[in-house]
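> My questions all concern the structure below.
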Amino acid sequence: MDRRTFIKISSCSAAGYCLLRDGKVLAGDDGVAPARYYEKLPYRKIKCTLCPRECVIDDLERGYCGVRENRGGTYYTLVHGNPCSAHIDPIEKKPLFHFLPGTLAFSIATVGCNVFCKFCQNWQISQARPEQVKSMKMSPEKVAKVAVERNCPSVAYTYTEPVVFTEYMYDTARACRDRNIKSVMISNGYIQKEPMKDLCTVLNAVKIDLKAFTRRFYKELVAGELKPVLDTLILLRQQNMWTEIVYLIIPGQNDDPGELEKLSKWIVEELGPDTPLHFSRFYPQYRLKNLPATPISTLETARKIALDNGLKYVYIGNVPGHAAENTYCPSCQRLLVKRTGYRIIENAIQNNRCSYCSATIAGVW
Amino acid sequence: MRRRAFFKSLIGATSSFGMVRHGYGGKKEALIPTSVASGAPFSRVVLATERGLSHGIRPVAEERIGNLLARSIETLFEENADTVWRRLFHPEDVVGLKVNCLAGKGLSTRLELVNAVCEALLQAGIKKHRIIIWDRADRDLERAGYSIERRKNRVQCFGTNKAGYTSRIYEHGYVGSQLSRIVTDYCSAIINLPVLKDHGIVGLSVGLKNFFGAINNPNKYHDNAGDPYVADVNMLTPIRSKTRLTICDAITPQYEGGPPYMPQWTWPMNSLLVSTDMVAMDQVGWDIVEEKRRENKFSSLAGAGREPVYINTAADAEHELGTNNSAKINVLKV
Numbered sequence: 001m002d003r004r005t006f007i008k009i010s011s012c013s014a015a016g017y018c019l020l021r022d023g024k025v026l027a028g029d030d031g032v033a034p035a036r037y038y039e040k041l042p043y044r045k046i047k048c049t050l051c052p053r054e055c056v057i058d059d060l061e062r063g064y065c066g067v068r069e070n071r072g073g074t075y076y077t078l079v080h081g082n083p084c085s086a087h088i089d090p091i092e093k094k095p096l097f098h099f100l101p102g103t104l105a106f107s108i109a110t111v112g113c114n115v116f117c118k119f120c121q122n123w124q125i126s127q128a129r130p131e132q133v134k135s136m137k138m139s140p141e142k143v144a145k146v147a148v149e150r151n152c153p154s155v156a157y158t159y160t161e162p163v164v165f166t167e168y169m170y171d172t173a174r175a176c177r178d179r180n181i182k183s184v185m186i187s188n189g190y191i192q193k194e195p196m197k198d199l200c201t202v203l204n205a206v207k208i209d210l211k212a213f214t215r216r217f218y219k220e221l222v223a224g225e226l227k228p229v230l231d232t233l234i235l236l237r238q239q240n241m242w243t244e245i246v247y248l249i250i251p252g253q254n255d256d257p258g259e260l261e262k263l264s265k266w267i268v269e270e271l272g273p274d275t276p277l278h279f280s281r282f283y284p285q286y287r288l289k290n291l292p293a294t295p296i297s298t299l300e301t302a303r304k305i306a307l308d309n310g311l312k313y314v315y316i317g318n319v320p321g322h323a324a325e326n327t328y329c330p331s332c333q334r335l336l337v338k339r340t341g342y343r344i345i346e347n348a349i350q351n352n353r354c355s356y357c358s359a360t361i362a363g364v365w
Numbered sequence: 366m367r368r369r370a371f372f373k374s375l376i377g378a379t380s381s382f383g384m385v386r387h388g389y390g391g392k393k394e395a396l397i398p399t400s401v402a403s404g405a406p407f408s409r410v411v412l413a414t415e416r417g418l419s420h421g422i423r424p425v426a427e428e429r430i431g432n433l434l435a436r437s438i439e440t441l442f443e444e445n446a447d448t449v450w451r452r453l454f455h456p457e458d459v460v461g462l463k464v465n466c467l468a469g470k471g472l473s474t475r476l477e478l479v480n481a482v483c484e485a486l487l488q489a490g491i492k493k494h495r496i497i498i499w500d501r502a503d504r505d506l507e508r509a510g511y512s513i514e515r516r517k518n519r520v521q522c523f524g525t526n527k528a529g530y531t532s533r534i535y536e537h538g539y540v541g542s543q544l545s546r547i548v549t550d551y552c553s554a555i556i557n558l559p560v561l562k563d564h565g566i567v568g569l570s571v572g573l574k575n576f577f578g579a580i581n582n583p584n585k586y587h588d589n590a591g592d593p594y595v596a597d598v599n600m601l602t603p604i605r606s607k608t609r610l611t612i613c614d615a616i617t618p619q620y621e622g623g624p625p626y627m628p629q630w631t632w633p634m635n636s637l638l639v640s641t642d643m644v645a646m647d648q649v650g651w652d653i654v655e656e657k658r659r660e661n662k663f664s665s666l667a668g669a670g671r672e673p674v675y676i677n678t679a680a681d682a683e684h685e686l687g688t689n690n691s692a693k694i695n696v697l698k699v
């Protein structure tokens, strides 16, 4: 497949850098590999134990994610080594603001997702099944090799939901580690404890999309549950994993000041005040086209609530040029990292410290 | 048939569909009283049985199944079968036969039944290439014994993997899905050809559930025993407006262990269910499966935690896809 064809089929990242020429279009059973995290049940059924859904799956059927299939009582992933998107992005695009700023992340995704957000930005690939989207063949070793060749110090598992391609992510992260490439997971956090703990042995940073702080929102707009996501965040903290949180504010759905205050307090108490929190602007899409974009004033109010409750690093995203894209020293309030979009204009952090007052700035710099 | 040639052949079908909605729709009026959904006092479901029809998964004599189908149609519409087929389908229609093939041989729509339907359509003046036997994927069709066919002047047989899904998202209630282009772009009419079987998550798979095979993301809609998702999928306009008849293969149904084929839980019922009211048919199918489960000392589907309440939802005031009220379902035994 040539580069032009790939751009046509790929739905991610206008700023991204297409790398499909390193892969090829797949067909048939490419990408099929034994799945981890399941239990065998009588009559060729299995129970998936990867995510909190715990799908019980009959022979020849798939789980909620659509990319894991029961074949005769054995469970398989259908997307191992089979990404549908591969780009080189600034790490700021993930967004990870406190992790190797100004570097590039080789970013990959397979199809599939274990939730069903009505506001999904990448639904063409996240809500698809493997046979519905053209993919390429790229082994874990190949991903690591490309990252080295393209001067990317990290590989990001992103765009769709990496939980559903956990085996591929784990194997790739191991291959990357052997080449001194770091791995970052951009996830909804909807995963069980055991697979997350396994991933923590090979990952270097995680960004979690905390989509709201109410059960109602998760039930009605995500088709999921809030508590498992909070449990994952606590687990990541216990595992000393560098973690940043994105909270997409959707007008009238998850922008109640009381909810935002509870959210901020919970983060401070359970994860610590150094946890970066990104309030991101919603734009109407997929099945929520009837709602307006988030007013900037709402994002600013949310940021103020979070700062007032003790969080040190609170950002506003999807609003290019906003002052809250920058990192400020929580001690002397001086500007440390100036950003425009995904670009770093200046960086005054030296050896993990503010170059003005020497306060420690949390992150992986 | 090449893709271009096939689309060319559909130009007539598109205009024919217009006829169905406007001019030809007048002929359809005569068929409406088989369904409460259309305001009739009773919905009619034919339960046609012929002893000794099945011998496990071995082929059934096509002539016998063809005769049983003709008797069913005559009973349902109270008219000569040939006349009914001609009234239901215009020669310029492109008729999609939505089979159910995921479980492979043993618990898929029998090829002999589909052949009998094709024969009836051919007799009604539909050209071979205007009949499309379809399901989600070629692989599923082949596993059930169908041969993929796209040559000119043949009855077509292929999966949505060949046709693709719409770029548009069709929505109703809790469902937002891309539809098989076989439904939206290729066909002007659909005959639903499900199998009567137990389903381990949603309780039962008959007519309504079969259209999960027409959307891109059925895996998203099994929570809560498929309620209200199954009903919502059937509300999507192209499915609702094009489905004219449902013929359920109940020759060797399965009352437990579905949707995969578990021969120990099948039985030789030797029957077809035929109706224009899919909800009524599902209700009749539900009753049949429950009775068989009782006979074999299995708990009810409700007791098993998978009561197919989506059937009730399909009948509610929001959906009005048909009736699940047994007092309003006239089961006509043949």
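Order-wise, the sequence lines are chains A and B. So the first sequence is numbered by my numbering: it starts at 1 and just counts up by one. So the second sequence is numbered by my numbering: it starts at 366 and just counts up by one. Think of the CB as a built atom: it goes at the ideal place given N, C-alpha and C, for glycine as much as any other residue. Values in this document were obtained by computation on a predicted structure and should not be read as measured data.
Within 10 angstroms of its Cβ, does Glu477/B collect 16 or more other Cβ (buried), or is it exposed?
It is buried - the Cβ of Glu477/B has at least 16 other Cβ atoms within 10 Å.
> What whole-angstrom Cβ distance do Gly321/A and Thr340/A have, given they're in contact under 8 Å?
Confirmed, Cβ separation roughly 6 Å.
> Look up Lys338/A in the DSSP assignment and give the residues it is bridged to.
Bridge partners of Lys338/A: Glu346/A.
> Can you look up Phe454/B in the DSSP assignment and give me helix, strand or coil?
Phe454/B: coil per DSSP, three-state reduction.
> In the structure shown, what three-state DSSP assignment does Ala205/A receive?
If DSSP states are grouped into helix, strand and coil, Ala205/A belongs with the strands.
> Whose CA, out of Leu544/B, Arg519/B and Gly670/B, lies closest to the CA of Pro603/B?
For Pro603/B, the nearest C-alpha among the options comes from Leu544/B.
> Between the alpha carbons of Ile346/A and Gly102/A, how many angstroms are there, rounded?
For the sequence presented, residue 346/A should be read as Glu rather than Ile. Those two C-alpha atoms are separated by around 10 Å.
> Run through chain A and tell me which residues come within less than 8 Å of Asn661/B, C-beta to C-beta.
Simply none; closest approach about 15 Å.
> So, at 8 Å on beta carbons, what are the nonlocal neighbours of Ser355/A in its own chain, with the 5 sequence-adjacent residues on each side left out?
So the qualifying residues of the chain are Leu336, Ala348 and Ile349.
> With a cut-off of 8 Å, do at least 3 Cβ pairs link the region 117-125 of chain A to the region 61-69 of chain A?
Taking 8 Å as the limit for Cβ pairs, the verdict is that the region 61-69 of chain A does not touch the region 117-125 of chain A.
> Say whether chain B places a C-beta atom closer than 8 Å to the C-beta of Gln238/A.
Not an interface residue.
> Buried or exposed: which applies to Lys118/A, given that a residue is buried once 16 or more other Cβ atoms fall within 10 Å of its Cβ?
Its Cβ being crowded by 16 or more others within 10 Å, Lys118/A is buried.
> Suppose only complete runs of 3+ residues qualify. What are the beta strand (DSSP E) ranges in the region 549-577 of chain B, listed by chain order?
Qualifying beta strand (DSSP E) stretches, in chain order: 554-558, 560-564 and 568-570.
> Scan the region 192-224 of chain A for residues whose Cβ lies nearer than 8 Å to a Cβ of chain B and list them as they occur along the chain.
Residues passing the 8 Å Cβ filter: Ala223.
> Interface residues of chain A around Ala581/B at Cβ under 8 Å?
The sequence given here places Asn at residue 581/B; Ala does not occur at that position. Chain A residues near Asn581/B: Gln127, Ala128, Arg129 and Gln132.
> Do Leu271/A and Val385/A count as a contact pair if the criterion is CB distance below 8 Å?
Any question about residue 385/A goes unanswered here, given that chain A covers just 1 to 365.
> Can we say the region 147-161 of chain A touches the region 538-552 of chain B, given the rule of at least three CB pairs closer than 8 Å?
The answer is no - the region 538-552 of chain B does not touch the region 147-161 of chain A, with fewer than three Cβ pairs under 8 Å.
> If distances are taken between C-alpha atoms only, which option among Arg504/B, Ile438/B and Ala682/B comes closest to Cys466/B?
Checking every option, the nearest Cα to that of Cys466/B belongs to Arg504/B.
> Would a C-beta distance cut-off of 8 Å place Val425/B and Ile438/B closer than the cut-off?
Contact: no.
> Per DSSP, which residues does Tyr76/A bridge with? Please list them.
In DSSP, Tyr76/A forms a bridge with Pro34/A and Glu69/A.
> Quick check: is the beta carbon of Gly63/A nearer than 8 Å to any beta carbon in chain B?
Gly63/A counts as touching chain B.
> State yes or no: is the beta carbon of Tyr38/A nearer than 8 Å to at least one beta carbon in chain B?
So, not an interface residue.
> Using only the alpha-carbon positions, how far apart do Met649/B and Glu507/B sit?
The displayed chain sequence assigns Val, not Met, to residue 649/B. Taking the straight line joining both Cα atoms gives about 30 Å.
> Return the CA-CA distance between Val67/A and Ser640/B, expressed in angstroms with no decimal places.
Spanning the two alpha carbons is a distance of roughly 36 Å.
> Between which residues of its own chain and Thr294/A is the CB-CB distance below 6 Å, once the five residues before and five after are set aside?
Same-chain partners within the cutoff: Ile249, Pro251, Arg281 and Phe282.
> When DSSP labels each residue in this structure, what does Ala105/A get in the three-state scheme?
Reduced to three states, the DSSP call for Ala105/A is strand.
> Which residues in chain A sit within 9 Å of Ile534/B, going by Cβ to Cβ distance?
In chain order: Trp123, Tyr286 and Arg287.
> Nearest to Cys332/A by alpha carbon, out of Val79/A, Leu307/A, Lys262/A and Ser358/A?
Cys332/A has its Cα closest to that of Ser358/A, out of Val79/A, Leu307/A, Lys262/A and Ser358/A.
> With distances taken Cα to Cα, identify the nearest neighbour of Lys45/A among Cys51/A, Ala33/A and Gly73/A.
Of Cys51/A, Ala33/A and Gly73/A, the residue nearest in Cα terms is Gly73/A.
> Please classify Trp242/A: is it buried, with 16 or more other beta-carbons within 10 angstroms of its beta-carbon, or exposed?
Buried, since its Cβ has 16 or more Cβ neighbours within 10 Å.
> Could you check the C-alpha separation between Tyr38/A and Cys48/A for me, to the nearest Å?
Taking the straight line joining both Cα atoms gives about 4 Å.
> So, is the C-beta of Arg353/A closer than 8 Å to a C-beta in chain B?
No, because no Cβ of chain B sits closer than 8 Å to the Cβ of Arg353/A.
> Whose CA, out of Glu220/A, Ala205/A and Val148/A, lies closest to the CA of Ile245/A?
Out of Glu220/A, Ala205/A and Val148/A, Ala205/A has the C-alpha closest to the C-alpha of Ile245/A.
> Let me check understanding here. Comparing Cα to Cα, which of Ile181/A, Phe116/A, Tyr168/A and Lys134/A lies closest to Lys145/A?
Residue Ile181/A is the option with its Cα nearest to Lys145/A.
> At what residues does the alpha helix (DSSP H) containing Ala432/B begin and finish?
Reading off the sequence shown, one finds Asn at residue 432/B, where the question assumed Ala. Counting along the chain, the alpha helix (DSSP H) containing Asn432/B begins and ends at Glu427 to Phe442.
> Using a C-beta to C-beta distance shorter than 7 Å, which residues of chain B count as neighbours of Asp58/A?
Going along chain B in sequence order, the residues near Asp58/A (Cβ under 7 Å) are Gly565, Pro624 and Pro625.
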